[in-house]
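Counted the way the UniProt record's numbering counts, the sequence shown spans residues 1 to 411.
Idealized CB from N, CA, C, for every residue including glycine.
Everything on this sheet refers to the single structure shown next.
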Amino acid sequence: MNSPQTQKIGSKVRDIQILHESLENQCPNIHKKRLKSLMDSVQALLSNDALTLTLLGRSLPSKAKTKHCIKRVDRLLGNNHLHHDRLDIYRWHCHQYCSVNPQPIVLVDWADIREYERLMVLRASISVEGRSITLFEQTFTFTFTFKNYNSPRSHQQFLDNFKAVLPSHVIPIIMTDAGFRNTWFRQVNDMGWCYLGRVRGDVNVLIKNQWQHIKQLFNKANSKPKYIGFTQLAKRKRLQCHLHLYKKQTPKKRKDRPKGREHFSAQAVHKKSALEPWLLATNIPTNIFSSRCIVRLYTKRMQIEETFRDLKSPQYGFGLRQSRTHDPKRFDILLLIGLLAFMVYWWFGIIAEHNGWHRHFQANSVKDRRVLSFVRLGKEVFRRLEYHINESAIRWAQCTLILMARNSYRA
1 MNSPQTQKIG
11 SKVRDIQILH
21 ESLENQCPNI
31 HKKRLKSLMD
41 SVQALLSNDA
51 LTLTLLGRSL
61 PSKAKTKHCI
71 KRVDRLLGNN
81 HLHHDRLDIY
91 RWHCHQYCSV
101 NPQPIVLVDW
111 ADIREYERLM
121 VLRASISVEG
131 RSITLFEQTF
141 TFTFTFKNYN
151 SPRSHQQFLD
161 NFKAVLPSHV
171 IPIIMTDAGF
181 RNTWFRQVND
191 MGWCYLGRVR
201 GDVNVLIKNQ
211 WQHIKQLFNK
221 ANSKPKYIGF
231 TQLAKRKRLQ
241 CHLHLYKKQT
251 PKKRKDRPKG
261 REHFSAQAVH
271 KKSALEPWLL
281 ATNIPTNIFS
291 SRCIVRLYTK
301 RMQIEETFRD
311 LKSPQYGFGL
321 RQSRTHDPKR
331 FDILLLIGLL
341 AFMVYWWFGI
351 IAEHNGWHRH
361 FQANSVKDRR
371 VLSFVRLGKE
381 VFRRLEYHIN
391 ESAIRWAQCT
401 LILMARNSYR
411 A
């Protein structure tokens with residue numbers, strides 16, 4: 001009779017085998033040894049929750065010496081063939097979650113992965129149950145002499161690669177925050193896609209043949225979404241778009257907040273952004289989505305931030321910010337390894353909720369809902385020996401996650 005430790009190890013191997021078989025069948029151009037090294041790296045990440053070269057090598061499932069395992073991961077990150085093959089993996093991944101729905105809601109945002117090395121990642125994802133699932137992501141460098149962050153050149157490169165991995169019939173709605181301006185909207189529109197973004201800052205709008213600052217519109221905002229009209233945005237680089245206005249109800253101030261706490265300039269900026277009304281620009285006609293639907297869609301935008309935390313945080317996620325990798329291409333492979341590991345956690349989290357195991361990780365006073373996210377719940381179940389999951393359950397969770405992602409597109 002097998003011990004619980006042996007059964008748990010077998011369960012871990014099965015989920016990697018299912019992922020391995022899916023990639024082997026859907027991405028036949030990837031060399032088998034290269035794919036095997038990639039899967040071993042994913043298994044190492046699931047074992048130690050540290051997305052760095054050295055720790056991946058130390059946790060690699062191999063009988064070789066540790067220094068040889070670290071060198072093996074180093075060769076994998078620098079493999080030019082795998083950097084090209086990763087587009088095939090993203091293409092298979094996007095096909096699972098976007099092939100049925102012709103117009104998915106895609107969240108796009110920048111994230112600062114390495115603060116000191118100035119490596120930035122641009123990510124496209126879809127929201128599912130309060131979190132987001134990454135569809136495609138790419139790393140860019142940002143220095144004073146080579147500014148790729150939030151530039152039209154990097155945006156166009158990202159959009160071209162994203163279009164290459166999406167199914168050809170899909171026309172996504174690209175949703176962004178206020179950091180993306182008119183140039184980005186034009187680039188998305190030129191791709192034949194729809195955009196939805198927030199407008200902030202020193203911007204003017206043409207209303208009834210007169211230019212008005214957007215702050216003048218803010219005075220008319222209330223909790224009822226309002227359609228401003230199809231008009232021109234900005235005086236210099238004008239953009240014709242539909243504008244919608246909405247202001248959330250101001251939350252009541254907390255009386256238990258401690259006095260005399262230190263305030264930072266970034267805190268004041270975020271507070272001002274949260275209190276400002278939403279002026280949303282889009283090329284989606286009102287006969288397709290009303291103002292109420294547009295606002296409801298935009299409320300999902302912040303869900304991409306939680307996934308960034310799952311990736312970067314050493315305490316709650318994979319600790320990618322501790323990686324000392326300098327090359328953007330090598331970082332792209334680390335991001336790919338992290339994506340595949342997240343998929344396994346999603347599967348385990350779905351199985352845990354289906355079996356009622358989520359109640360084991362929350363207070364008894366909360367019985368009507370799941371408190372932890374699927375990713376966090378899957379991580380907790382994965383690392384414990386008392387939860388046994390067979391192959392059929394993992395395949396069921398794989399199909400269930402795809403259905404959950406497709407159902408979340410509804411506005």
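Query: Count the CB pairs spanning the segment 355-372 and the segment 380-391 that are closer than 8 Å, and state whether there are at least three.; Result: yes
Query: What is the DSSP secondary structure of C27, counted as helix, strand or coil?; Result: coil
Query: Nearest-angstrom Cα distance between Q157 and V108?; Result: 14 Å
Query: Report all residues from its chain with a CB closer than 6 Å to the CB of Q7; omit the five preceding and five following residues, and keep chain order.; Result: Any reading at Q7 must be qualified, since the residue scores a pLDDT of 48, below 50, and its modelled position is unreliable; no value is offered.
Query: If you compare alpha carbons, which of Y195, N219, L233 is closest to N209?; Result: L233
Query: Taking the alpha carbon of A164 as the reference point, which residue from G229, L206, L87 has its own alpha carbon closest?; Result: L87
Query: If the criterion is Cβ atoms closer than 8 Å, does the pair N79 and R34 meet it?; Result: yes
Query: Go to Y246, then tell me how far its beta strand (DSSP E) extends in each direction, as first and last residue.; Result: 239-246
Query: Leaving aside the five residues before and after T145 along the sequence, list all residues of the same chain whose C-beta is less than 7 Å from its C-beta, in chain order.; Result: With a pLDDT of 48 at T145, under the threshold of 50, the predicted position of this residue should be treated as unreliable, and no value is reported.
Query: Which residues in the same chain have their Cβ closer than 6 Å to the Cβ of A111, if we skip the five residues on either side of it in sequence?; Result: V121, F308
Query: DSSP state of residue 412, grouped into three classes?; Result: The displayed coordinates of the chain run from 1 to 411. Any statement about residue 412 would go beyond what the structure contains.
Query: Please report the straight-line C-alpha distance between A341 and M302, rounded to a whole angstrom.; Result: 22 Å
Query: Could you give the distance in angstroms between the alpha-carbon of S125 and the alpha-carbon of K65?; Result: 38 Å
Query: Could you give the DSSP three-state label for N68: helix, strand or coil?; Result: Checking the displayed sequence, the identity of residue 68 turns out to be His instead of Asn. It is helical.
Query: With 16 as the cutoff for other CB atoms within 10 Å, does K220 come out buried or exposed?; Result: exposed
Query: R131 and S373 look like a contact to me (Cβ under 8 Å); what is the Cβ gap, rounded to whole Å?; Result: 5 Å
Query: D40 to E21, Cα distance in whole Å?; Result: 13 Å
Query: Measuring CB atoms only, is the segment 308-320 touching the segment 280-296, in the sense that at least three cross pairs come out at less than 8 Å?; Result: no
Query: Are the CB atoms of V106 and P167 nearer to each other than 8 Å?; Result: no
Query: In this structure, how does DSSP classify A124 when only helix, strand and coil are distinguished?; Result: strand
Query: Could you tell me if D327 is buried or exposed, where buried requires 16 or more neighbouring beta carbons within 10 angstroms of its beta carbon?; Result: exposed
Query: Please name the residue or residues paired with T141 in a DSSP beta bridge.; Result: L119
Query: Do you know whose CA, among L377, G229, F142, I333, lies nearest I351's CA?; Result: L377
Query: Count the other CB atoms, across all protein chains shown, that sit within 10 Å of the CB of P152; report buried if there are 16 or more and exposed otherwise.; Result: exposed
Query: In or out: Q96 buried (at least 16 other Cβ within 10 Å) or exposed?; Result: buried
Query: Relative to the ligand FMN, is the shortest distance from any of its heavy atoms to the C-beta of L311 smaller than 7 Å?; Result: Among the ligands in the structure shown, none appear at all, so the ligand FMN cannot be discussed.
Query: Suppose the cutoff is 7 Å on Cβ atoms and the five residues either side in sequence are ignored; what does the same chain contact list for S59 look like?; Result: A44, S47, N48
Query: Any idea which residues DSSP pairs residue 412 with across the strands?; Result: Here the chain comprises residues numbered 1 to 411, so residue 412 is not present and cannot be evaluated.
Query: Just to confirm, are S323 and Y227 a CB contact at a threshold of 8 Å?; Result: no
Query: In or out: T250 buried (at least 16 other Cβ within 10 Å) or exposed?; Result: exposed
Query: Check the DSSP bridge columns for H213 and list the partner residues they point to.; Result: N204
Query: Tell me the residue span of the alpha helix (DSSP H) that contains G349.; Result: 328-354
Query: Closer than 8 Å by C-beta to N161: which residues in its own chain qualify, once you throw out the five before and the five after it? Chain order, please.; Result: L87, F136, Q138
Query: Residues in the same chain with beta-carbon distance under 8 Å from S365, minus the five sequence neighbours each way, listed in chain order, please.; Result: none
Query: S37 to V73, Cα distance in whole Å?; Result: 8 Å
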